[in-house]
Ligand SMILES: [Mn+2]
């Protein structure tokens, strides 16, 4: 990373410092590599909030940000080590932490315990992430004890300890221009991946083979998957978190793909459902059009002025009305909504915040009320219908159909922008793309 690329991270650190106020210090780390089995590691991925503030993607690092100092940003990281770098790749080291990552000063991660005492002493407020990593919680307590033991030598431990995530989550909820640019690109690459899946699917293909087509586009464009992909044919589409992806895709079934790319720590999250043989059956088409109608209306409701839950309420109303019209539910629509009868077929919410994490941080309520949409928020809109294969309350022809349609929506000052618009979703567009 060059210093110029540090600009978005530096401005986030400056904003965090403003929120923290005087005499405050924040400490945030990113974990070590994790073993997958024996001596093979999982691919490392930096902690989202740590990366958000630092742009530093190596394992085993700790950022300390303090107000009222000439050197507000200290980075602790792994030191350079010729032998380790030959085996495991280059490291920035303490010198790179300053020259490439704009740290005001840097120490090795091994020096953390000795250096942190001086940094903490005299600060009134300590912002940390508590309750997620017990070893780290204990380490903080150890530091505080050490300062307390030095009181007669003038040591002053912080008086208040505050959850750092309460500040960072709120900052991360509102995407800056740098983040929006990355999310647009992640969304576009993910859309292309879904297009490829529609173009390559064939009856008797394995679900994992179709998954490979999706992953191919992501990886070819420099992305990872943001989460484990769901590729479910037929009734597997009714299993909300189906990830086995090891069954045969059958002629006449739909396939549901929920897959999104992660580009430079930013996620996309798209679901499309389409016929394995390229043509929707009448029942599939009826349910699909209903889900699409609900999704389009929910997207339209994802605008400033509406609160978080309006798109969900909009989708539930349309789905319930449609289910009554198709004969899958019987009774009065208002009553079916009030007693949540629709949950037999639609049992999840209509969306979630999206950003560095696929289920991104940020509160959904303020003062116990659903919060309003505001410019810079990104949310998924993903209604679905899932008719269980053994549901004897409906005619046999509906059973085993699972449909979800999901797009990523950026709320703007005047409305919204669908980031994932480059993958088709009407029946006509899909059938045309699939060559029918
Ligand atoms: Mn989602």
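Residue numbers (the numbering used here): 1208 to 1643.
Where is the CB? At the ideal position from N, CA and C, for every residue including glycine.
Check: Where does residue 1341 fall in DSSP's three states?
Finding: helix
Margin query: If the criterion is Cβ atoms closer than 7 Å, does the pair residue 1384 and residue 1326 meet it?
Written below: no
Notebook entry, point to check: So what does DSSP say about residue 1411, is it helix, strand or coil?
Noted result: coil
Note to self: Can you tell me where the alpha helix (DSSP H) holding residue 1259 begins and where it ends?
What the structure shows: 1255 to 1261
Margin query: I'd like the list of long-range same chain contacts for residue 1446, defined as Cβ closer than 7 Å, with 5 residues on each side in sequence excluded.
Written below: 1439
Notebook entry, point to check: Roughly how many whole angstroms lie between the Cα atoms of residue 1640 and residue 1518?
Noted result: 29 Å
Next item on the list: Go ahead and label residue 1475 buried or exposed: buried means 16 or more other beta carbons lie within 10 angstroms of its beta carbon, across all protein chains shown.
Entry: buried
Next item on the list: Report the residue from 1450, 1550, 1587 and 1578 whose alpha carbon sits nearest the alpha carbon of residue 1567.
Entry: 1587
Item checked: Exposed unless 16 or more other CB atoms sit within 10 angstroms - verdict on residue 1550 -> exposed
Item checked: Straight-line Cα distance separating residue 1375 from residue 1301 -> 25 Å
Next item on the list: Could you say which of 1553, 1338 and 1399 lies nearest to residue 1595 if we only look at CA atoms?
Entry: 1553
Checklist line | Distance, residue 1498 Cα to residue 1395 Cα | finding: 23 Å
Next item on the list: Compare the C-alpha of residue 1589 against each of 1522, 1543 and 1315 and name the closest.
Entry: 1522
Notebook entry, point to check: Taking 6 Å as the line, does the beta carbon of residue 1507 fall inside it for any heavy atom of ligand 1?
Noted result: no
Margin query: Considering only DSSP beta bridges, list what residue 1568 is partnered with.
Written below: Looking at the DSSP assignment, residue 1568 forms no beta bridge with any residue, so it has no partner.
Notebook entry, point to check: What whole-angstrom Cβ distance do residue 1344 and residue 1256 have, given they're in contact under 8 Å?
Noted result: Wrong, their Cβ atoms sit about 17 Å apart, outside the cutoff.
Next item on the list: Identify which residue in 1380, 1605, 1323 and 1404 has its Cα closest to the Cα of residue 1582.
Entry: 1380
Check: How far does the beta strand (DSSP E) with residue 1216 in it reach, from first residue to last?
Finding: Unbroken run through residue 1216 is the alpha helix (DSSP H), 1214 to 1227; no beta strand (DSSP E).
Notebook entry, point to check: How about residue 1617 and residue 1585: are their beta carbons less than 7 Å apart?
Noted result: yes
Margin query: Between the alpha carbons of residue 1574 and residue 1514, how many angstroms are there, rounded?
Written below: 13 Å
Check: What do you reckon, are the CB atoms on residue 1444 and residue 1463 nearer than 7 Å?
Finding: yes
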